[in-house]
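One structure is given here, and the rest of the page talks about it.
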Amino acid sequence: MMTTLSPSSRAATRGWSDITIRNLFVIPTVAFLIIFNVFPLLYSLGFSFTDFRASSKADVNFVGLKNYADILADPVIWRSFATTLWYVIVSVTGQFIVGFGMALLLNRPIPGKGFLTTLLLLPMMLSPVVVGLFWKLIYDPSWGPLNYFLGLGKTAWLTDPALALYAVAITDIWMWSPFVMLLSLAGLSAVPKHLYEAASIDRASKLYTFFRVTLPLVAPILMIAIIFRTMEAFKTFDIAFVMTSQPQAELISSRLYKMAFQQWQTGPASALAYIVLIMVLCITNIYVKYLNKAKER
Amino acid sequence: MAVVSSRAGRLGNRIAIAAVIVLTLIFLSPIYWITSTAFKPLVMATSVPPTVVFEPQITPFVKLFTKRAQLTAPVTPEVYDAAPWWEKLVLDGGERLARDGKGAVVYSAYPDRFINSLIVSIISTVLAVSMGTITAYGFSRFKVKGEADLLFFILSTRMLPPIVVAIPMFLMYRTVGLNDTHIGLIILYTAFNVSFAVWLMKGFMDEIPKEYEEAALVDGYTRMQAFFKIVLPEAATGIAATAVFCFITAWNEYAFALILTNRRAQTAPPFIPSQVGTGLQDWTVIAAGTVLFLIPVAVFTFLLRNHLLRGMSFGAIRK
């Protein structure tokens, strides 16, 4: 019965077909992600409409949209959102200024440049929680090196309500400016040299060249860096959580953690989690658009 | 920037290089500070003014691995002479090592937490990279219905704030008894990293010319053989870079570990800050634990330096 097989169908029966392999390679991963990411989120969506408390065995009651309404009426949560927004602005702006500035400085032939860049990248690879912990040592008001070397007296960085958020942002800027620097450098080195030559033949001023040649060409990659850092800053938990317990510096992730795992308000916490989730997905969507644009270039 | 030939340009260049060096030193100073604290005598860790020059010692590392108690009376010379060198370091500091009934040294919780971190990070990395590699190959070489949407979905799972996912995971794990287990944490880290691995590996896969496999298929290889014998070796660098990224992410992860583990399976990130208790704390010991924890990441950062950009941008930017 084997005689009628054409060469092409013989190739198709040799091993698994491409479709089988595709399904075998793609479906398990997608299924795994659905089971461990989507399913839990559906589960908590259900809880967000109840008064469930994970710490008690009391009956769970359906409360409709009450949790969402309570959250929107809760000044503490509004303050957390406002704090988070301000934190994102301060920390991302700081990272942009420091990171882009360093990239401009580094964008020239420097002996041992590769080694210097690698050293600068070290902070962002470290565990945020451990970074937060050792910055606590650096910020210590009475014996910390920061106050001493900068002559700031006994500035209580992490316990002063007015300063705590900035102290956390400074640490975050320290960690992540190198990231902006790295992306900016990639953008800067991709600017064609002949454009600079043309600009200098035209006797364009340095400033003019920067704003009219460099910046527009680096802008797309800078956007990626900024959106990505915005998203990450919005989600910040570890650093802020270990560094300070000042209510004025409480970010939305910390509020969520406290509601869910310290006060055990599982239902309301799930509702708040959903609000945060939708915000993050919106930023992710914008981010992916820019990523795809960058890939097409 | 472009052609630097004028004298003013050369001077500007020198100033820029000097600024870069100063900035690098400022950037590294916090890391220097924590590292040096790990080698300081206890009194110098929190001295005013801060101690910069000192004779390094490894006592903090001995303390990190042991449990100790205050000496109530001075040790006799015989006991002191009989003690090994590392025990002498502790005795010099006015403390004695805690020993169990049989006289064996009682270890602190640190080595256990460190090993937990290793177990969870390594296993979840292997799983995430294996799944990520084959899925990336699937997306790279075959038509998948709704590919863009699926890839966005995969990436978005990575972007979820950990606390948001941790609430339902905690409840589900509690129901099935996975809280505070290695397996529970491994599954979660795998799920977290697999999306990243798919995105990064897809970029690497797209770079391998299809012609390589097609030639192999013509030579009589099956698709699977071509994948294992042609594609995987070609993708080795990409796989290694992805693995290092996944490892670092799992190694550094804090929120899930804080919520889903407390003793048995607790990893180092939630453990290290929990040592900072109330009252007088020994910062040299905390610094020693921190430095040991940071060493693997520092080593990997150097190995990975040429792929960092690509990894951090989810494969969008190639060098």
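Taken in order, these protein sequences are the chains called A and B.
Residue 563 in our numbering sits at position 165 of the first sequence, and the numbers go up by one each step.
Residue 818 in our numbering sits at position 197 of the second sequence, and the numbers go up by one each step.
Glycine included, every Cβ here is placed at the ideal spot set by N, Cα and C.
Model, not experiment: these values are computed from the prediction.
Status (buried if at least 16 other CB within 10 Å, exposed otherwise) for residue i
i      : result
B:C867 : buried
B:E874 : buried
B:T899 : Per-residue confidence for B:T899 stands at a pLDDT of 49, beneath the threshold of 50, marking its modelled position as unreliable; no derived number is given.
A:H592 : exposed
B:I869 : buried
B:E828 : exposed
B:K723 : exposed
A:E630 : buried
A:K691 : exposed
B:M845 : exposed
B:A725 : exposed
B:R762 : buried
A:G497 : buried
A:W574 : buried
A:K534 : buried
B:T693 : exposed
A:D636 : buried
A:Q644 : buried
B:Q691 : exposed
Rounded distance between the beta-carbons of residue j and residue i, thought under 8 Å
i      : j      : result
B:G824 : A:F423 : Contact flag wrong, Cβ pair sits at about 17 Å.
B:T756 : B:V727 : Actually they do not touch by this definition, with Cβ atoms about 46 Å apart.
A:L548 : B:I652 : Not a contact, Cβ separation roughly 18 Å.
B:I782 : A:K633 : Here the sequence assigns Pro to residue 782 of chain B, which means Ile is not the residue at that position. Confirmed, about 4 Å.
Limits of the beta strand (DSSP E) - the one that residue i falls within
i      : result
B:R717 : 716-718
B:R689 : 689-691
Within chain A, the residues that residue i reaches when beta carbons sit closer than 8 Å
i      : result
B:Y758 : F423
B:L809 : F434
B:R926 : G512, T515, T516, L519
8 Å Cβ shell around residue i - same chain, five flanking residues per side excluded
i      : result
B:V711 : T680, V683, K684, T687, R689, R717, L718
B:T667 : W904
A:I469 : I475, P666, A669, L670, I673
B:P891 : Y875, A878, L879, T882
A:Y688 : P618, M621, I622, I625
A:T628 : V486, V490, I681
Opening and closing residue of the alpha helix (DSSP H) in which residue i lies
i      : result
A:P576 : 562-587
B:P698 : 698-703
B:Y794 : 783-797
A:A658 : 650-659
A:L463 : A:L463 -> no alpha helix (DSSP H), and no H or E assigned at all.
A:E595 : 591-599
B:R885 : B:R885 -> no alpha helix (DSSP H), and no H or E assigned at all.
A:W662 : Looking at the DSSP string, A:W662 is not in any alpha helix (DSSP H), and its letter there is neither H nor E.
B:D801 : Unbroken run through B:D801: none, as it is neither H nor E.
A:F632 : 613-633
B:Q678 : Segment: none, B:Q678 is in no alpha helix (DSSP H) and carries neither H nor E.
A:N545 : 543-548
B:R779 : 768-780
A:N421 : 416-431
B:A871 : 857-873
B:V641 : 628-658
A:Q493 : 473-504
A:K534 : 526-537
B:A847 : 844-847
A:W555 : Where A:W555 is concerned, there is no enclosing alpha helix (DSSP H), given that its DSSP letter is neither H nor E.
Own chain residues within Cβ distance below 6 Å of residue i, not counting five before or after
i      : result
A:G585 : V616, I619
A:G492 : I571
B:I744 : I807
B:Q896 : I907
Per-residue contacts from residue i into chain A (C-beta, under 9 Å)
i      : result
B:L909 : As written in the sequence, residue 909 of chain B is Ala, which differs from the Leu given in the question. What B:A909 touches in chain A: nothing, since even the nearest Cβ is about 12 Å away.
B:W706 : Neighbours of B:W706 on chain A: none; closest Cβ ~28 Å, over 9 Å.
B:N634 : R506, P507, I508
B:A919 : L520, M523, L524
B:A812 : F430, L431, I433, F434, N435
B:M822 : Within chain A, no residue comes near B:M822; the closest Cβ sits about 11 Å away, beyond 9 Å.
Chain-ordered chain B contacts of residue i [CB-CB under 9 Å]
i      : result
A:Y606 : Neighbours of A:Y606 on chain B: none; closest Cβ ~13 Å, over 9 Å.
A:V708 : Outside the displayed range of chain A (399 to 695) lies residue 708 of chain A, so it cannot be described from this structure.
A:A658 : I784, A787, I788, F791, I880
A:V640 : Y875, P894, V897
Proximal chain B residues relative to residue i, where beta-carbon distance stays under 8 Å
i      : result
A:P526 : N873, Y875
A:T664 : I788, L792
Beta-carbon neighbours of residue i, restricted to chain B and to distances below 7 Å
i      : result
A:I508 : I638, V641
A:M629 : M780
9 Å Cβ cutoff, residue i in contact with chain E
i      : result
B:F686 : Although the question refers to chain E, the structure presented lacks it and instead comprises the protein chains A and B.
Sequence-distant residues of its chain with Cβ nearer than 7 Å to residue i (five each side left out)
i      : result
B:A704 : L712
A:T448 : V458, N459, F460, V461, G665
Proximal chain A residues relative to residue i, where beta-carbon distance stays under 7 Å
i      : result
B:L710 : Within chain A, no residue comes near B:L710; the closest Cβ sits about 22 Å away, beyond 7 Å.
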